[in-house]
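Enquirer: Under my numbering, the first residue of the sequence shown is numbered 1, with each subsequent residue one higher.
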Amino acid sequence: MDRGNGAMHTVTLSGVPEMLMWNLYQRAWEARRPRPVLHDPKATELVDTLDYPFEKHFGRPIGLVAQGHALRVRTFDTAVRDFLTTHPDGTIVHLAEGLETQFWRCDNGRARWLGVELPETAALRRSLLPDGDRRRTLACSALDLSWRDEVDSSRGVLITAQGLLMYLRPHQVRDLIAGCAEAFPGGSLVFDTVPRWFSARSLTGAVRTSRGFPSPPMPWGLNRSELPRVRTAHPAITSVRQLLPPSGRGLYHGTVAPLLTHIGVRNALVLVTAVAQFAHQ
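(1) Which stretch, first to last residue, makes up the alpha helix (DSSP H) that contains threonine 85?
(2) What is the DSSP secondary structure of leucine 244, counted as helix, strand or coil?
(3) Smallest Cα separation from threonine 209: which of Gly250, Thr12 and Gln26?
(4) Starting from phenylalanine 198, follow the alpha helix (DSSP H) in both directions and report where the run begins and ends.
(5) Mapping DSSP to helix, strand and coil, what is serine 239?
(6) Is proline 228 near proline 170, with beta carbons less than 8 Å apart?
(7) State whether the region 136 to 150 contacts the region 72 to 87, with contact taken as three or more CB pairs (one from each stretch) at a distance under 8 Å.
(8) I need the DSSP call for glutamate 97, collapsed to helix, strand or coil.
(9) So, with DSSP's three-state summary, where would you put alanine 257?
(10) Which residue wins for smallest C-alpha separation from glycine 221, given the options Arg241, Pro214, Pro246 and Phe191?
(11) Let me know the secondary structure DSSP gives valine 230 once reduced to three states.
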């Protein structure tokens, strides 16, 4: 990818936080395709200004993988846009969004956006994507539920946890979901999860990129059939339902993947995205 001639920002991350670079790389790669399934000029701009060995660590993106990641991102985008349709002045809370650029894809000019990031990630995000009047980043672990005090829930709240929960331990996931349900009556949480077999494989260190870059362990996995169990985290959770990704480009993502999703096979192989709804008081 062409980096241009501007000043470069050096990135020094490791462990789970470093995976945000993989996510960014996949989105930018797909956004540069002739017929992208995700238009994300902000992502391509970021990749061009970062001093980071994307290809050395992750290898050249595989088209099917990059497109699949972009379609997953679009699933979250759709949930955000649907929320903003009914709550145009509401608040979107991103838990561990990394260098996600959803604000630039979905903002309606009225909503409030709060990102909750680990300190090292928050510092990087602020340096590249400075806070604005309606968008800010809070340096705080998502597991430190004090971040809830920073949220104005009077006009509706949508919380997203994209690429986060699988890196937490099961009891941490349960406590986080319960904390959201307790604090935000009428709100909802959009999250994704890996199937149990993939979680188990990640714990052995077997999940790596084509260049051998290891994925951090993913202690929490959940099969699609187990989504109803999420309701047991707190009595205020009224429903948990899967969000289906849109159809994409080409034979696999345009025809085969939607068919496999419909019959349930694909959900045993890849990430599942879901939304948990919280009861009104």
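All residues carry an ideal CB built from backbone N, CA and C; glycine is no exception.
Expert: So, from the data block:
(1) In the sequence shown, counting from the first residue as 1, residue 85 sits at position 85. Taken as a continuous stretch (DSSP letters only), the alpha helix (DSSP H) holding threonine 85 covers 63 to 86.
(2) Taking the sequence shown and counting its residues from 1, one reaches residue 244 at position 244. Coil.
(3) As a first step, residue 209 is located in the sequence shown; it is residue number 209 there, counting from the start. Of the candidates Gly250, Thr12 and Gln26, Gln26 places its Cα closest to the Cα of threonine 209.
(4) Indexing the sequence shown from 1 puts residue 198 at position 198. That run of the alpha helix (DSSP H) goes 196 to 202.
(5) As a position in the sequence shown, residue 239 is number 239, starting the count at 1. Strand at serine 239.
(6) One-based indexing of the sequence shown puts residue 228 at position 228. One-based indexing of the sequence shown puts residue 170 at position 170. Between proline 228 and proline 170, the gap from beta carbon to beta carbon reaches 8 Å or more.
(7) no
(8) Along the sequence shown, read from residue 1 onward, the residue named residue 97 stands at position 97. Here glutamate 97 sits in coil by DSSP.
(9) Locating residue 257 in the sequence shown gives position 257, where the first residue counts as 1. If DSSP states are grouped into helix, strand and coil, alanine 257 belongs with the helices.
(10) As a working mapping, residue 221 is identified with position 221 in the sequence shown. Comparing Cα positions, the closest option is Phe191.
(11) Along the sequence shown, one-based indexing puts residue 230 at 230. Three-state DSSP puts valine 230 in a helix.
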